[in-house]
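A.B. asks:
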Amino acid sequence: MTLIKSVLNESRLFRPEKEFVERANVSGLKSYTALIEEATQNYEGFWARLANENLSWKKPFTQTLDSSQAPFFKWFSDGLLNASYNCLDRHLETIPNKTAIIFESDEGHVTKVTYRELHRQVCVFANGLRSLGITKGDRVIIYMPMSIEGVVAMQACARIGAIHSVVFGGFSAKSLHERIVDAEAKCVITADAGHRGGKIVALKPAVDEAIALDGGTECVKSVIVYHRSVTPVQWFAERDIHWHELIKGKSDVCEPEWVEAEHPLFILYTSGSTGKPKGVQHSTAGYLLGTQTSMKWVFDYRSNDIFWCTADIGWITGHSYVAYGPLGVGATQVIFEGVPTWPDAGRFWQMIERHKVTTFYTAPTAIRSLIKAGEELPLNSDLSSLRLLGSVGEPINPEAWIWYYEKVGQKRCPVVDTWWQTETGSHMIAPLPGVTALKPGSCTQALPGIFAAIVDETGQDVEPGKSGILVIKRPFPSLLRTLWKDPARFKQSYFPEELGGTFYLAGDAANRDLDGFFWIMGRIDDVLNVSGHRLGTMEIESALVGNALVAEAAVVGRPHEIKGEAIVAYVVLKKEIPSSPTEAHALAEKLKLWVASEIGALAKPEEIRFTEQLPKTRSGKIMRRLLRSIAQGNQTLQDVSTLENPAILEQLKKAA
Ligand code: WT7
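In the working numbering, the protein residues as written are 70 to 725.
1. Do you know how far the Cα of Gly318 is from the Cα of Gly462?
2. Buried or exposed for Ile404, going by 16 or more other Cβ atoms inside 10 Å?
3. When DSSP labels each residue in this structure, what does Leu718 get in the three-state scheme?
4. Output needed for Val349: all residues of its chain with C-beta closer than 6 Å, excluding positions within five of it in sequence on either side, in chain order.
5. So, for Met70: in the same chain, excluding its five sequence neighbours on each side, which residues have a beta-carbon less than 7 Å away from its beta-carbon?
6. If you check the beta carbons only, do Thr362 and Leu119 fall under 7 Å apart?
7. Do we get a CB-CB distance below 7 Å when we pair Gly689 with the residues of chain B?
8. Here's the rule: buried if 16 or more other CB atoms are within 10 angstroms of the residue's CB, otherwise exposed. What is Asn703?
9. Suppose you measure from the CA of Leu124 to the CA of Asp207; what does that come to, to the nearest Å?
10. Tell me which same chain residues have a C-beta within less than 8 Å of the C-beta of Leu82, skipping the five on either side of it?
11. The beta strand (DSSP E) that contains Cys256, what's its start and end?
12. Within this structure, are the beta carbons of Val599 and Arg697 separated by less than 7 Å?
13. With a threshold of 6 Å (Cβ to nearest heavy atom), would Val461 be considered close to the ligand WT7?
14. Do Ile203 and Cys288 have their C-beta atoms within less than 7 Å of each other?
15. For the ligand WT7, I want to know if Cys288 counts as a neighbour, meaning its beta carbon is within less than 6 Å of at least one of the ligand's heavy atoms.
16. Examine the Cβ distances between the region 463-482 and the region 390-402 and report whether three or more of them are shorter than 8 Å.
17. Ordered along the chain, which non-local residues of its own chain (more than five positions away) have a Cβ less than 7 Å from that of Ile316?
18. DSSP three-state call for Arg456: helix, strand or coil?
19. Applying the criterion that 16 or more other CB atoms from any shown protein chain within 10 Å of the CB defines a buried residue, is His654 buried or exposed?
20. Helix, strand or coil for Lys243, going by three-state DSSP, please let me know.
21. Mind listing, in chain order, the continuous beta strand (DSSP E) runs of no fewer than 3 residues lying wholly within the region 302-378?
22. Considering only C-alpha positions, which residue in the set Phe545, Phe376, Ser450 and Gly359 is nearest to Phe172?
23. Using a Cβ-Cβ cutoff of less than 6 Å, which residues in the same chain neighbour Phe425 once the five nearest sequence positions on both sides are dropped?
24. Quick check on Lys205: does DSSP put it in helix, strand or coil?
25. Could you tell me whether the Cβ atoms of Pro214 and Gly263 are closer together than 7 Å?
26. Report back the beta-carbon spacing between Ala622 and Ala635 to the nearest angstrom; my notes put them in contact at under 8 Å.
27. Buried or exposed for Thr163, going by 16 or more other Cβ atoms inside 10 Å?
28. Rounded to the nearest angstrom, what separates Arg199 and Ile229 at their Cα positions?
29. Helix, strand or coil, according to DSSP, for Thr434 in the structure here?
30. Look up Val641 in the DSSP assignment and say whether it is helix, strand or coil.
31. Counting only the same chain and skipping the five closest in sequence on each side, list residues whose C-beta sits under 7 Å from that of Gly443.
32. So what does DSSP say about Asp741, is it helix, strand or coil?
33. Relative to the ligand WT7, is the shortest distance from any of its heavy atoms to the C-beta of Pro129 smaller than 6 Å?
34. Between Asp451 and Asn94, which are expected to be in contact by the criterion C-beta below 8 Å, what is the C-beta distance as a whole number of angstroms?
35. Quickly, what does DSSP pair Trp144 with across the bridge? List them, please.
36. If you draw a straight line from the alpha carbon of Ala225 to that of Val209, how long is it in whole angstroms?
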């Protein structure tokens, strides 16, 4: 087989500042090496120690890893615990009056809750859920705007052992319907509407429609409606109940349901590349442990941090680093209802100043769009509270990394580029900011206890410095347990026989350089084959974004008689697209030559198409499959239901 060829040429290196190292939770190479050695020599003992140190158990576990049903691995399985107890109750003795959440609404209204108050709200609401007959193992769909109540809903489910499945508020009634049906949800928690970017986004009507679709879903017995807005809603008295009515008179004492370590904490649907969404099922203890260790290792959590992860609770990032991770360690965190560009593109920077954020975690897509909207805007805010920056969701192009580091972090704050997935539950490959030297565009090295490797299509290790398929060789606690009601698809998707059946297949192509650093090259499905060379999408896109005129880029392949595939690049410029075709053509030629000179003639795009936006999923990922189909001139209709900006399709077709 032909290995994937790496063409990226990035040699900048940023070593951690002495001051940062001295104060870090994992400080210096020696402590890091000790962790790696412990994990290598005594794998189960390592995780058992961490599980005992980081989690509060009702009944301690005696068995660490059970591989008897591999790849359906079990961790800590005879232990009993509760996730909500771990996030709330255990802090009540030590930090009851510490602020748990600083919520800022779209309009800029700020609400703060302490751990004591959040605990009270969760207990009261959990008693409300119990009064509706919801018990351990029942599925509850949460379709809410970013809010304190969204987190309360998740925590309350966890408290009573109900399995939540959060559906992002931007999803349509049809997507919601599919998830309700697949999960056989007994209850839906929603709001009348959310407020985003000055607009009101209705939610309850989508719930009504989702439940009525296909002749009606029988499973949903109750719909709880939180009134965020003043939007009138249709009411179905036998089914609907107001949030405020439900909690009226409910006790604030709520004994947690002590569940087995393996009890499903939640299901989160992630769109597969084809067909029906996959219900990623996570455990309670293993999942929670991953969030806790990564909060301490990667985010170097300190008790006086103000932590802000901008992800919506509808995504895994919003589960691990909003709803569970920060609360588990007792952090103060910011939750934001709105969007980064409203009322203007300085909103994030103003909020960092306003709330004195120390740790800021966002996605490359947000970073690139904020560069386009106002490269210098961060300079208008006082960002001196920041000490650590994070990135997640896609490879971050070196140029975007540098901008983030210089303009937002003021060359003071390490940037932790965290590679992980809905399926892995928590960070897998990421720097430890008090240890790891940073290379822009690389997510650096695997965390202690995570045995990431690059293999070829038969599961054999590739030579150091070569690219291939990213796998994780040993099971780890925060890995998904199965796909909801579809164990066969779980096995086939993640532990394929071709790789030997025991490696976790992540689905990404990656390179590992001679220092052992990982570089994610894109999804395996998106790899291009140009004249027999397999190229990842990331490196060519990075080269384009490295040009001062380019804001964003996506590359795909189009069949080519001679080369096999020709590279077509979709480019969003920082400024307007030239109106004269001659000028546009000249610019396209210039960018082709730029790529050729940056990374080599092999990667030179055959064609460059300018567009005002790229098609993205609602979580901000570029939909290359759609671009590929347009580039190939396919008329066949693609499923575009998950597209964030459907209007862009017409423009893209015209650009062809
Ligand atoms: C896929 C997982 C992880 C939470 C949000 C996305 C890509 C994610 C990085 C990164 C390069 C990244 C991968 C991965 N990805 N983080 N730091 N560098 N690529 O979760 O929707 O499950 O997507 O996102 O392709 O497989 P997800």
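No residue lacks a Cβ here, since even glycine has one placed at the ideal position from N, Cα and C.
C.D. replies: Quick look at the numbers:
1. Whole-angstrom Cα-Cα distance: 42 Å.
2. Under this definition Ile404 is a buried residue.
3. Helix.
4. Scanning its chain for C-beta atoms nearer than 6 Å, with the 5 sequence neighbours on each side dropped, one finds around Val349 the residues Leu337, Thr339, Thr491, Glu492 and Leu549, in chain order.
5. Below a pLDDT of 50, predicted positions are generally treated as unreliable, and Met70, at 41, falls in that range; the measurement from the model is reported next regardless. Hits under 7 Å: Asp525 and Glu526.
6. Closer than 7 Å, so yes.
7. Among the chains of the structure shown, chain B does not appear; only one protein chain is present.
8. Its Cβ having fewer than 16 others within 10 Å, Asn703 is exposed.
9. Near 24 Å, if we compare the C-alpha coordinates of Asp207 and Leu124.
10. If we look at Leu82 and ignore the five residues flanking it on each side, its Cβ neighbours are Ala506, Leu507 and Lys508.
11. Unbroken beta strand (DSSP E) run through Cys256: Cys256 to Ala260.
12. In this structure, Arg697 does not lie closer than 7 Å to Val599 by Cβ.
13. At least one heavy atom of the ligand WT7 sits closer than 6 Å to the Cβ of Val461.
14. Not a contact, by the Cβ cut-off of 7 Å.
15. Not a single heavy atom of the ligand WT7 lies less than 6 Å from the C-beta of Cys288.
16. No, because fewer than three Cβ pairs between the region 463-482 and the region 390-402 fall closer than 8 Å, the two stretches do not touch.
17. For Ile316, where only same-chain residues beyond five positions count, the Cβ hits under 7 Å are Val193, Phe194 and Gly197.
18. The answer is coil: DSSP assigns Arg456 none of H, G, I, E or B.
19. In summary, His654 is exposed, with fewer than 16 beta-carbon neighbours lying within 10 Å of its beta-carbon over all protein chains present.
20. Lys243 carries a helical assignment under DSSP once its states are collapsed to helix, strand and coil.
21. Fully enclosed beta strand (DSSP E) runs of 3 or longer: 309-311, 335-339, 347-351 and 375-378.
22. Of the listed residues, the one whose Cα sits closest to Phe172 is Phe376.
23. Correcting the residue type first, residue 425 is Lys in the shown sequence and not Phe. So the list reads Ile375 and Ser454, once near-sequence residues are dropped.
24. The answer is coil: DSSP assigns Lys205 none of H, G, I, E or B.
25. Note that the C-beta distance between Pro214 and Gly263 is below 7 Å.
26. Ala622 to Ala635, Cβ: 16 Å. No contact.
27. Counting other Cβ atoms within 10 Å of its Cβ, Thr163 stays below 16 and is therefore classed as exposed.
28. Their Cα atoms are separated by approximately 8 Å.
29. Helix, per DSSP.
30. Of the three classes helix, strand and coil, the one that applies to Val641 here is strand, per DSSP.
31. Residues Ala414 and Gly415 of the same chain have their beta carbon placed closer than 7 Å to that of Gly443, with the five preceding and five following residues left out of the count.
32. Absent from the model: residue 741. The displayed extent of the chain is 70 to 725, so no value can be given.
33. No, the ligand WT7 has no heavy atom inside 6 Å of this Cβ.
34. The C-beta distance from Asp451 to Asn94 rounds to 26 Å, too long to meet the 8 Å contact threshold.
35. The partner list for Trp144 (beta bridge, DSSP) reads Leu134.
36. So the alpha carbons of these two residues sit roughly 11 Å apart.
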